[in-house]
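If you read the sequence shown in our numbering, its first letter stands for residue 1, the second for the next number, and so on. We put the CB at the ideal spot given by N, CA and C, even for glycine. To start, the structure under review is shown below, and the notes come after it.
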Amino acid sequence: MNTFNLTEGTTQRPRIMTTRAALKAALRIAAKQDIRYYLNGINVEADATSTRLIATDGNRMLILHRDADNRLDGPVSLIIPREIVRQVAAGSSKGLAHIAIDLCPEGAGFWSIPLLHLGTNTRLTFSEVAGKFPNWRPIVPKTISGAAAQLNPAYLADMNAAAADLGSRYTSVAHNGDGPALVRPESQIAEQFIGLIMPMRHGKAAAWAPPAWTEAPPHQGDAK
């Protein structure tokens, strides 16, 4: 739970800045209907000069960091419910539009966020998700081995789509053996983007025998 030094005369309430595109990108990686309910939302970490969004489903993780002019006296951490992020990411408003997450007058634990496709004056009020988000820092690899590994292609596609949300059409993948592979955007974007995908576990190879037609001799001459 975050605590804030607020008085009745306070007019400048705590505010965290992010973008609609970053929330949309993070939502692609967050869990869906996971029993670990806190993984279904987007974790926000912020201080006076930066904002981070972290999303994971236990198999892949996306960490987005950007400089931000936040109205905060100290570090803040909260989890935004998945349904709130889904509504914010919906619509046809400009993808990179800035979003202000404001502390509500009710105090710690209650925030409001705009629905840009309905206008900046339309805001949703939500209660931050109770629960502790996993400590993601030890998961970020210190080195990359380059050892090839098998990765879930659907996870790669989601990472590529997340990068596209932020303005990069392509991503690069650095394999890391049994550790998490590193996915980075190819284009310059505002966010520092760290995508991590755990390799697929090695299982019994599927039975395979080439069909007989692959061993037939090649046709000779032209068809008459």
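Residue i, DSSP secondary structure in three states
i: histidine 117; result: helix
i: valine 129; result: coil
i: methionine 198; result: coil
i: asparagine 5; result: Residue placement at asparagine 5 is poorly supported in this model, since its pLDDT is 42, which falls under 50; the coordinates are not used for a value here.
i: leucine 225; result: Nothing can be reported for residue 225: it is not among the residues displayed for the chain, which extend from 1 to 224.
i: glutamate 45; result: strand
i: isoleucine 101; result: strand
i: glycine 19; result: Checking the displayed sequence, the identity of residue 19 turns out to be threonine instead of glycine. Three-state DSSP puts threonine 19 in a strand.
i: aspartate 67; result: strand
i: glutamine 87; result: helix
i: arginine 13; result: coil
i: alanine 206; result: coil
i: alanine 60; result: It is arginine, not alanine, that sits at residue 60 in the sequence shown. DSSP places arginine 60 in strand when its eight states are reduced to three.
i: isoleucine 139; result: helix
i: alanine 212; result: helix
CB of residue i within 8 Å of CB of residue j, strictly
i: isoleucine 99; j: threonine 19; result: yes
i: methionine 17; j: isoleucine 139; result: no
i: leucine 166; j: alanine 21; result: yes
i: serine 77; j: glutamate 45; result: yes
i: leucine 103; j: arginine 13; result: yes
i: alanine 296; j: leucine 39; result: Since the first and last residues shown for the chain are 1 and 224, residue 296 lies out of range.
i: threonine 125; j: phenylalanine 110; result: yes
Contact belief for residue i with residue j at Cβ below 8 Å, rounded distance in angstroms
i: alanine 162; j: arginine 66; result: 14 Å between Cβ atoms; not a contact.
i: isoleucine 239; j: isoleucine 84; result: Residue 239 is absent from the model: the chain starts at 1 and stops at 224.
i: isoleucine 42; j: alanine 26; result: 5 Å
i: isoleucine 194; j: isoleucine 101; result: The pair is not a contact, with the Cβ atoms about 22 Å apart (cut-off 8 Å).
i: proline 141; j: proline 180; result: 6 Å
i: proline 183; j: methionine 159; result: Looking at the sequence shown, residue 183 is not proline but valine. Yes, they are in contact, since the Cβ atoms of valine 183 and methionine 159 sit about 5 Å apart, within 8 Å.
i: alanine 233; j: aspartate 47; result: Nothing about residue 233 can be reported from this structure: the residues present for the chain run from 1 to 224 only.
For residue i, the residue or residues it bridges with in DSSP
i: alanine 173; result: Rather than alanine, the amino acid found at residue 173 in this sequence is valine. In DSSP, valine 173 forms a bridge with Val183.
i: leucine 27; result: Answer is none; leucine 27 lacks a bridge partner.
i: proline 192; result: One point to set straight first is that residue 192 is glutamine, not proline, in the sequence displayed. Its beta-bridge partners are His65.
i: arginine 123; result: Pro114
i: isoleucine 80; result: Ile42
Residue i at chain D interface by Cβ criterion, 8 Å
i: valine 44; result: Annotation note: the requested chain D is absent from the structure, which comprises a single protein chain.
With a threshold of 8 Å, are at least 3 pairs of Cβ atoms found where one atom belongs to the region 138 to 145 and the other to the region 166 to 177?
yes
Is the region 149 to 156 close to the region 126 to 138, with three or more CB pairs under 8 Å?
no
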